[in-house]
Every structure is written in structure tokens, then in C-alpha cells.
Amino acid sequence: MKSNNTPDAVVIYSYPQFVFSWPVIVFGFIFAGIQSAGWVGPAGQSAIAWIYITLVCLVMLAMGVDLGRNSSIFCLVLFVGGLFGILWLQAAHGVTFFERIGEFIRNLQPNISAAAMVAISIILSIIYLMMIVMAFFNDRWRITHNEIEHRSFGHKEDATGRGAKRVLARYPDALELLICFSGTIEVYSSLGTQKLVTIRNVPLLPLRMKKISRILETTSVEGANAEEEEHEEADGLNG
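Per the working numbering, the very first residue in the sequence shown carries number -12; after that it's consecutive.
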């Protein structure tokens, strides 16, 4: 039976890859405020610039490359192995090539002005807002007890009858999961042989899946009860 805590429907939105750019926007304003307040000196401003550059690189990596669990572990092992290999070459064979590269990077001391970070964050915020509005009208999904609806402005709405279909949550990219708790919802046929619907880039998916699971569990119970009632009615008519 359906409990009072079971929602009637869950509304989710599928966003483009740009949804993962929010750290650059938010920390751009934060770092600009720190620099404008004079809380850091030249060394602190250089550290802020490096952190800002690292955030940009991580966001670009999340938007451009899918790093699954195995790929992430491989990259981590490769990085640690390469680091120990460099240290071993320096200690055992006196190779200073990598040390010179590290010294060159340390001496760069980049500096990004507060005005530049604010300007970048404002421009990206406008684009981000446009993305949210477009997703609201064009990539709105509504999961109910009976069907999964895709609502797109100016186009015919698509509805997939849920029935006994399987709904799975997948997290193909570790960085996307880290930045937005984002994942992909896949809807399969009852036998699991055919993929019917794919909803990509759903933020906060682990929290949403709890509600979706409650809806689907309630649906399966109600479906089983309805099937039992139909059998009982059929037996009564035959008797």
C-alpha cells in the first residue's frame, strides 16, 4: 500500500555539461572578495590564482572527459607511480630534469585580478541562468506511479508507460559525481534487454533516487494487488 510519506511524482531536469561549471562561478566571486578585502598578500594572491586555475582545469576535465571508477583508479595509480618514479630517478641517478620543471612552475607566481574573476563569474552566471531556464522548458522529466513523462516546450510530450520496467542510476564520471552528485537514469524494459529512456546529467541524483525508488516500490506493490484482484474476479466469474 501507498504510505503517506510516498510522493505522488518526482520532477527532475536533465542539464547540459555546462552545469558542472558552478565552482568556477562561485569561487570566482569568493576569491575576488578575499583579494578586494586585502586579506592576503602577494603570496596569497598567487595561491588563489593557482587554486582558481586548478578549479578551471577540473571543470574542463569533468565537461570534456568521462572518468569512470576504473579510469579514475588507473589515473590515480599512474600519478602516484609517476611521482615515486620521479623521486627515485632524482635520488638514484641524479636526474634533475623534473626538479627544474617543478622549480619553473613554482617561479611562475600567477596573479589573477579580482576584477577579472568577477567579470568571468558574471558572464558565466548569465550563461548558467540561461541554461537553467532552457532546461526547465525543454528537459523536464516527471516520474509518476504509472509513467515517465518528458516535457519539452513547443514539442509533443513523450510519455513512457512504466509498467514493470527497471529504472537504474549510473554514475559514469567520478568528477561529475564529485561536483554535482550528478548521474544518469536509465529505464529498461521489464526483461532488461532494451533501453527505453536515458536521462543524462541529473544533479543530486543519489537524493532523488530515494524518492524514485519509493514511487516504484509502491507501484510494484499496487500492481501486484491489482493483479490478485483481477484473478479473484476472474475466478468468481468462472465459478
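Note that the Cβ used here is the ideal one computed from N, Cα and C, for glycine as well.
Among the candidates the options, whose CA atom is the shortest distance from the CA of residue i?
i     : options                        : result
Gln96 : Thr185, Pro29, Val43, Arg87    : Pro29
Phe14 : Leu65, Arg153, Trp75, Trp37    : Trp37
Pro10 : Leu45, Ser1, Ser59             : Leu45
Gly51 : Pro190, Pro159, Glu173         : Pro159
Phe7  : Ser200, Leu155, Leu191         : Leu191
Ser1  : Glu173, Lys197, Leu178, Thr180 : Glu173
Gly89 : Leu162, Arg201, Ile99, Leu70   : Leu70
Gln22 : Ala103, Ile12, Val189          : Ala103
Could you pull the DSSP bridge partners for residue i from this structure?
i      : result
Leu54  : For Leu54, which the question treats as bridged, DSSP gives no partner whatsoever.
Ile186 : Ile172
Arg157 : Thr171
Glu163 : None; Glu163 has no bridge partner.
Thr131 : Ala(-4)
Arg138 : Arg127
Classify residue i as helix, strand or coil using the three-state DSSP reduction.
i      : result
Val46  : helix
Tyr0   : strand
Thr180 : coil
Trp37  : helix
Trp9   : helix
Gln22  : helix
Val67  : helix
Curious, which full-length alpha helix (DSSP H) runs of at least 4 residues does the segment 76 to 113 contain?
84 to 93
Three Cβ pairs or more, each shorter than 8 Å: is that satisfied between the segment 179 to 192 and the segment 78 to 98?
no
Quick one: any contact between the segment 169 to 179 and the segment 55 to 65, if contact means 3 or more CB pairs under 8 Å?
Between the segment 169 to 179 and the segment 55 to 65, the count of Cβ pairs shorter than 8 Å is below three; the stretches do not touch.
Cβ contact (3+ pairs, closer than 8 Å) linking the segment 131 to 141 and the segment 109 to 119
no
Is the number of C-beta pairs between the segment 83 to 93 and the segment 21 to 35 that are closer than 8 Å three or more?
Verdict: no, contact absent.
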